[in-house]
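Note that numbering that gives the first Met the number 0 has the sequence shown beginning at 0, numbered continuously upward.
Where a beta carbon is used, it is the ideal one built from N, C-alpha and C, also for glycine.
Just so we're clear, the structure is a prediction, and the values are computed from it rather than from any experiment.
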Amino acid sequence: MGVSVAPNPTDIFDRAVDEGERRLTQSTLELAATSFIAGFTIVFGIAALGVVDGLVQPRFGDVAHIAGALAFGVGVVFLVVGRTELFNENFVAPAAKAVDQDGSWMLRSLGRLWTVTLVFNLIGGFLFAFVFAVDGVLPSGSAHALAQTAEGIVHRPIKGMFASAIVGGALVSLLSYLLEAVNSVRSRITLAYIVGFLLALGPFDHVIVTAVHVFFGFLFDAAIGYGALFETVVVATAGNIVGGLGLVTFTHVAQVRGARKSE
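And the structure:
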């Protein structure tokens, strides 16, 4: 039997370039549809977190947070296996393609990709949240758990949310980098689940996950207004960009460019 050898950073970068080209060359309709699918898909993970949290918390207290994080991981698995387009998860590969492209940084293409993804992720997530918010869909206690989580999010100081979003952005972009380093579906599922668990365990802010959480709170009569929802989206997006592009994407690109210069 052959021994599987992990690819080196240059090989991972080359794979990311190919994946980035695929993502950047999608038609607007394909991109919008794929992003919309990602938006409503992640709601399954958020709903699972709320259900488990609501069921476990009355008897086991803070253990419910860990159980909820374990449940949330399935939502990220659905995203990765389904090859949908999630904001921040699509930083590494498209940026690698832009850096690899001679004579252009492809700023217009990158801007189109990330803007359409963000908007349709939110649309898909918010619309599906309405479905879950219909009375009788979620078990008793789930609405309270989701509303409580949403209030905890919006009542944090801005600098705390921004720092948490830096961590969340780095974590999700790291996932997209690591996915280029593995070959099997099993490995992709494992990585997706681990990152989903860590994201919810913090909890660390990812703009789509956090915004949908806050929107759930809004639907379940938490003390949340439109202003708090808008502020959450802006701050979390900014933090995700710093963490996803600044800490993960640019540093891995620099790593590969440095390796190629030394060859």
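Are the CB atoms of residue j and residue i within a distance shorter than 8 Å?
i: G243; j: S172; result: yes
i: A95; j: V16; result: yes
i: T231; j: V91; result: no
i: V50; j: P138; result: yes
i: F125; j: A31; result: no
i: F131; j: A68; result: no
i: I152; j: H205; result: no
By the 10 Å Cβ neighbour count, where 16 or more other Cβ atoms means buried, how is residue i classified, buried or exposed?
i: S141; result: buried
i: T40; result: buried
i: S175; result: buried
i: D101; result: exposed
i: G123; result: buried
i: L218; result: buried
i: T27; result: exposed
Under the assumption that residue i contacts residue j (Cβ atoms under 8 Å), give the Cβ distance between them as a whole number of angstroms.
i: A149; j: N239; result: In fact, because the Cβ distance is near 19 Å, the residues do not count as touching under 8 Å.
i: L78; j: A97; result: Not a contact, Cβ separation roughly 23 Å.
i: G167; j: L198; result: 6 Å
i: R155; j: P93; result: That belief does not hold up - the Cβ atoms of R155 and P93 are roughly 31 Å apart, past 8 Å.
i: A180; j: P6; result: 6 Å
i: I65; j: L200; result: 7 Å
For residue i, which of helix, strand or coil comes out of DSSP?
i: Q100; result: coil
i: H205; result: coil
i: S26; result: coil
i: I152; result: helix
i: I157; result: helix
i: G140; result: coil
Measuring from the CB of residue i, is there a heavy atom of the ligand NAP at a distance below 7 Å?
i: H154; result: Of ligands this structure carries none, so the ligand NAP is not represented either.
Q.
Can you confirm whether the stretch 25-35 touches the stretch 73-89 when touching is taken to mean that 3 or more C-beta pairs between the two stretches lie within less than 8 Å?
A. yes
(Q) Across the stretch 56-67 and the stretch 177-191, are there enough close Cβ pairs to call them in contact, namely three or more that are closer than 8 Å? (A) no
Q) Are three or more beta carbon pairs between the stretch 60-78 and the stretch 192-201 nearer than 8 Å? A) yes
Q. Is the stretch 7-21 in contact with the stretch 113-133, if contact means three or more CB pairs nearer than 8 Å?
A. no
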